[in-house]
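Structure, as structure tokens:
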């Protein structure tokens, strides 16, 4: 790799670990999530010598990546992860896949064996670049200290531009042990790609449509286009639906919002897409979890797609018109020529669809998940708050029952559906919020145990993470599927749980148990008036379904 030449009088020689930290500082990195090991101890020694970058020691490397995701999705900055070689970096792969599918910007820096040992099955050697090539935007292996600074700059450029995502930088031990001239390269800035597509033609079609609908995805949030989307939809009087990644991109309590699309979505949202004469998709992937609901509906005949990633145009639904570029840039351009519209009859029809949305109902006198989340939403209504979820039934109940907007974020694993995501993501979100916002992790008893060791991280850092465990003694989503597909044969679905109160106590974390609806308000009072991490064990109806 060729390094741009500079006048040698401008250069100073630094150790490779010092170069890494100096460039991260220049890039504005405030937090690194990681776990040390022998190959990367030089970097940890440099971390010890400085105070500008905070390091958060997780208890498992997968959790480091999920925490970096939570940090990035809360702060709009690039997450940074630091791990060692072998199992240290292979443990990050699940998190890397999660970040890739959900478009989360991240740099994963890993140590590697000495370059002379590559390919020789040395102790803790793993060909990580080959392993992650399908779930990263790029993967670099650095074998000399002279390459480190430029590769880091390229990594940030790739991770934060276009559709964002993870980049791996794997550095050999001899490179990390070396020295090089520090070139003081400029930090990377986000550069919006050129807009491509007939914007005026698309706007004209939207205005001419009788039954238009906007489908907003995670790309709206990623581009910071929430406010311009709101003004655009209100001016043109167009109903809005969202994907799960798009939740919060449009205020849930607005009269133009009609719910979440997809297999576990709302009837009103899915029916709007079916009955519309034009679908304007903004930053939404429309993957199989959505398209499976429309197998008999020719969506592509009315599908206009705006996306920053051109690969999406033919991946799931082949749109008849496309706009390639940043969502915010395009919406601002459209607003210049947009004129007020009225769709009274269409909006009235859409409201009638809402009346047919599935309403959760109690099936016993036991406490139900939807009751807890609705009560939580009422209790925190109007407050700025961050919610994270694990993956399972509780995730869908949260998506449907929380009132979300730009000030009430939901951070969830959508593309990969990764159990074990929610607790470390809450740690990252709390680190980004710097104590200014409460973070609530809504978890299932099975999913929480995937990364439950991160209770230690919460306690050590004194984070204001409030953990609500929906404890039904089952892998709830799996049990529900076994009900519908396998006649209720619950093969390996019932799980044995620890006593979550005693477990929390062992970590030094305050906890309480709730089993009745009448106890909810007092429980919320305790949780939100208690500093630091609190866990609530909700004993819920085991046979509740979405």
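In the working numbering, the protein residues as written are 802 to 1347.
No residue lacks a Cβ here, since even glycine has one placed at the ideal position from N, Cα and C.
Rounded to whole angstroms, residue 1191 and residue 860 show a C-alpha spacing of 18 angstroms. For residue 901, the uninterrupted alpha helix (DSSP H) segment begins and ends at 894-903.
Under DSSP, residue 856 takes part in a beta bridge, and its partners are 833.
When DSSP states are grouped into helix, strand and coil, residue 879 belongs to the coil group. Judged by DSSP secondary structure, residue 1196 falls within the alpha helix (DSSP H) whose first and last residues are 1194-1202. A Cβ-Cβ distance of about 5 angstroms is found for the pair residue 911 and residue 971, placing them in contact under the 8 angstroms criterion.
The three-state secondary structure of residue 1209, taken from DSSP, is strand.
Setting aside the 5 residues that flank it on each side, residue 1143 is surrounded in the same chain by 1038, each with a C-beta closer than 6 angstroms to its C-beta; the list follows chain order.
Its chain contains 838, 862 as the residues whose beta carbon lies nearer than 6 angstroms to that of residue 889, once the 5 sequence neighbours on both sides are disregarded; these appear in chain order. Three or more beta-carbon pairs separated by less than 8 angstroms are not found between the region 1078-1091 and the region 1173-1183, which leaves the two stretches without contact. A direct Cα-to-Cα measurement between residue 818 and residue 908 gives close to 16 angstroms. Ranked by how close their Cα comes to the Cα of residue 1061, the residues 1044, 1073, 1055, 1077 have 1044 in first place. With contacts defined as CB atoms closer than 8 angstroms, residue 1024 and residue 1127 qualify as a contacting pair. Taking a 10 Å sphere around the C-beta of residue 1099, we find fewer than 16 other C-beta atoms and assign the residue as exposed. The DSSP-derived three-state label of residue 814 is strand.
For residue 1225, the uninterrupted alpha helix (DSSP H) run begins and ends at 1223-1234, by DSSP. In the structure shown, residue 1323 adopts helical secondary structure according to DSSP, grouped into three states.
For residue 1101, the three-state secondary structure derived from DSSP is helix.
A residue is called buried once 16 or more other Cβ atoms fall within 10 Å of its Cβ, and residue 1146, having fewer, is exposed. Residues 1024, 1025, 1026, 1029 of the same chain have their beta carbon placed closer than 7 angstroms to that of residue 1129, with the five preceding and five following residues left out of the count. Residue pairing from DSSP places residue 1188 in a beta bridge opposite 1211, 1241. DSSP, reduced to helix, strand and coil, places residue 1289 outside both helices and strands of the structure shown, so it counts as coil. A straight line joining the alpha-carbon of residue 974 with that of residue 918 spans about 10 angstroms.
By a beta-carbon distance limit of 8 angstroms, residue 1245 contacts residue 1194. Their separation comes to about 7 angstroms.
In the DSSP assignment, the residues bridged to residue 973 are 913. A Cβ-Cβ contact shorter than 8 angstroms links residue 1014 with residue 1074.
Of all alpha-carbon atoms in 930, 980, 1095, 1295, the one lying nearest the alpha-carbon of residue 814 is that of 980.
As a beta-bridge residue in DSSP terms, residue 1314 pairs with 1338. Assignment of residue 919 by DSSP, reduced to helix, strand and coil, places it in the coil class. Counting along the chain, residue 1308 sits inside no beta strand (DSSP E), nor does DSSP assign it H or E at all. About 11 angstroms separates the beta carbon of residue 903 from that of residue 867, a gap too long to meet the 8 angstroms contact definition. Remark: three or more beta-carbon pairs, one from each stretch, lie closer than 8 angstroms, so the region 1245-1257 and the region 1216-1223 are flagged as touching.
As far as DSSP is concerned, residue 1005 takes part in no beta bridge. For residue 1215, same chain residues with a beta-carbon under 7 angstroms away, outside a window of 5 residues either side, are 903, 1045, 1046 in chain order. Residue pairing by DSSP puts residue 940 in a beta bridge opposite 969.
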